[in-house]
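Protein chains in written order, with this note's numbering: chain A, 2 to 193; chain B, 6 to 81.
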Amino acid sequence: MAKDLMFQDEVKEVVRGAYAAISTGGGRTVAGRIYTDDELAELPGGAVDWALGVGNPVLFALLQPGEVVLDIGSGAGIDTILAARRVGPEGLAIGLDIVPAMSERARAHAAEAGVDEWTEFQLGDMERIPLPDVSVDVVISNGVLNLAARKSRALAEILRVLRPGGRISLADLTVEEELPPEIANDESAWAG
Amino acid sequence: MAGALAERVFAEKLGRAGFVDVWVGAHRPTSIDEASQYPLFTDEVIQLMRETIPPERHDHVATSVIVKARRPDLDG
Chain A
2 MAKDLMFQDE VKEVVRGAYA AISTGGGRTV AGRIYTDDEL AELPGGAVDW
52 ALGVGNPVLF ALLQPGEVVL DIGSGAGIDT ILAARRVGPE GLAIGLDIVP
102 AMSERARAHA AEAGVDEWTE FQLGDMERIP LPDVSVDVVI SNGVLNLAAR
152 KSRALAEILR VLRPGGRISL ADLTVEEELP PEIANDESAW AG
Chain B
6 MAGALAERVF AEKLGRAGFV DVWVGAHRPT SIDEASQYPL FTDEVIQLMR
56 ETIPPERHDH VATSVIVKAR RPDLDG
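The structure is reproduced here in structure tokens:
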């Protein structure tokens with residue numbers, strides 16, 4: 002029986018299941034459209050292979066050395082690694098993802114990139130971020146907020162963990178015309 | 006993609022959540038062909054998109070954007 006995607010918890014499970022099921026990302030075709038050649042050169046090949054983003058939030062985040070940055074929906078770590086390079090060892094880059102296998106890949110990629118000492122990956126949900134209040138300078142994400150069934154709750158959580166004056170740089174998709182109902186209620190279209 | 010908001014709604018939600026200085030930029034159209042490069046979309050849904058979305062929108066079914074904003078300072 003098809004799931005009724007009006008139920009918010011089912012949306013979350015559909016998204017988690019879809020991301021857990023894939024065996025690769027968009028690869029260089031996707032990454033090459035998003036990241037500069039210099040950025041791609043900073044990244045392990047495996048992280049590039051797992052590119053699933055829609056934009057370049059790190060480029061616009063204007064990260065400074067020493068900052069604490071949270072990457073929501075960090076996947077296999079591509080943006081977290083780029084962020085870690087910007088904040089440096091005096092800062093901290095935290096990746097958050099709901100799929101354990103993605104976090105394991107991200108840890109391996111961060112180690113390969115040599116940024117693992119100031120990078121950590123946590124398992125968790127953007128609607129319940131497992132970090133203290135006012136503990137983060139910058140929040141980034143890449144193609145993730147559109148996956149949230151409860152977007153207002155996710156935004157409230159982001160605001161909670163940000164320090165006063167803290168900033169966000171979110172790459173995401175917007176739509177100006179409604180998708181046909183056959184697509185709007187398709188599990189694959191929710192996860193993609 | 007099915008959960009994507011209109012840009013105006015996205016910006017309004019940020020404002021209601023308490024963010025200030027909301028900026029939306031770096032707009033880039035996303036086509037069905039580009040969507041097909043992501044393994045999260047099944048072949049079936051890509052075909053469904055081609056069949057149900059008017060052809061004139063196939064090159065721009067969604068827009069990739071960067072959204073920036075900040076939490077207010079303590080003094081507002």
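C-beta atoms are modelled at their ideal positions from N, C-alpha and C, and glycine is treated no differently. For clarity, every value in this text was computed on a predicted model and none was experimentally measured.
At least one C-beta of chain A is nearer than 8 Å to the C-beta of B:ASP78. Using a Cβ distance threshold of 8 Å, B:ALA74 and B:PHE15 do not count as a contacting pair. Assignment of beta-bridge partners to B:GLN42 by DSSP yields no partner.
Taking a contact as a CB-CB distance under 8 Å, the pair B:SER36 and B:HIS65 counts as one, their CB atoms being some 7 Å apart. Going by DSSP, A:LEU41 is part of the alpha helix (DSSP H) stretching over 38 to 42. Taking the beta carbon of B:GLN52 as reference, no residue of chain A falls within 7 Å; the closest one sits roughly 11 Å away. Sequence-ordered contacts of the segment 167 to 182 of chain A with chain B read GLY167, ARG168, ILE169, SER170, LEU171, ALA172, ASP173, LEU174, THR175, VAL176, GLU177, GLU178, LEU180, PRO181 [C-beta pairs closer than 8 Å]. Counting along the chain, the unbroken alpha helix (DSSP H) around A:TRP191 starts and ends at 188 to 192. B:ILE51: member of the alpha helix (DSSP H) spanning 48 to 57, first to last residue. Taking a contact to require three or more Cβ pairs closer than 8 Å, the segment 66 to 83 of chain A and the segment 131 to 148 of chain A qualify as touching. Taking the Cα of A:VAL88 as reference, the smallest distance to any Cα among A:THR120, A:GLU68, A:ARG106 is reached at A:GLU68. At a beta-carbon threshold of 7 Å, none of the residues of chain B lie near A:GLY78; the nearest stands roughly 17 Å away.
Judged by DSSP in its simplified three-state form, A:LEU64 adopts coil rather than helix or strand. The beta-bridge partner set that DSSP reports for A:GLY54 is empty. A direct Cα-Cα distance of roughly 24 Å separates A:LEU93 from A:VAL55.
A buried status is given to A:THR81, since no fewer than 16 other beta-carbon atoms sit within 10 Å of its beta-carbon. In this structure the segment 46 to 54 of chain B does not touch the segment 144 to 159 of chain A; the number of beta carbon pairs closer than 8 Å is below three. Taking 8 Å as the threshold, the shortest C-beta distance from B:ILE37 to chain A does not fall below it. For the C-beta of A:ALA149, the chain B residues within less than 9 Å are, from N- to C-terminus, GLY8. Between the alpha carbons of B:GLY20 and B:HIS63 lies a distance of about 31 Å.
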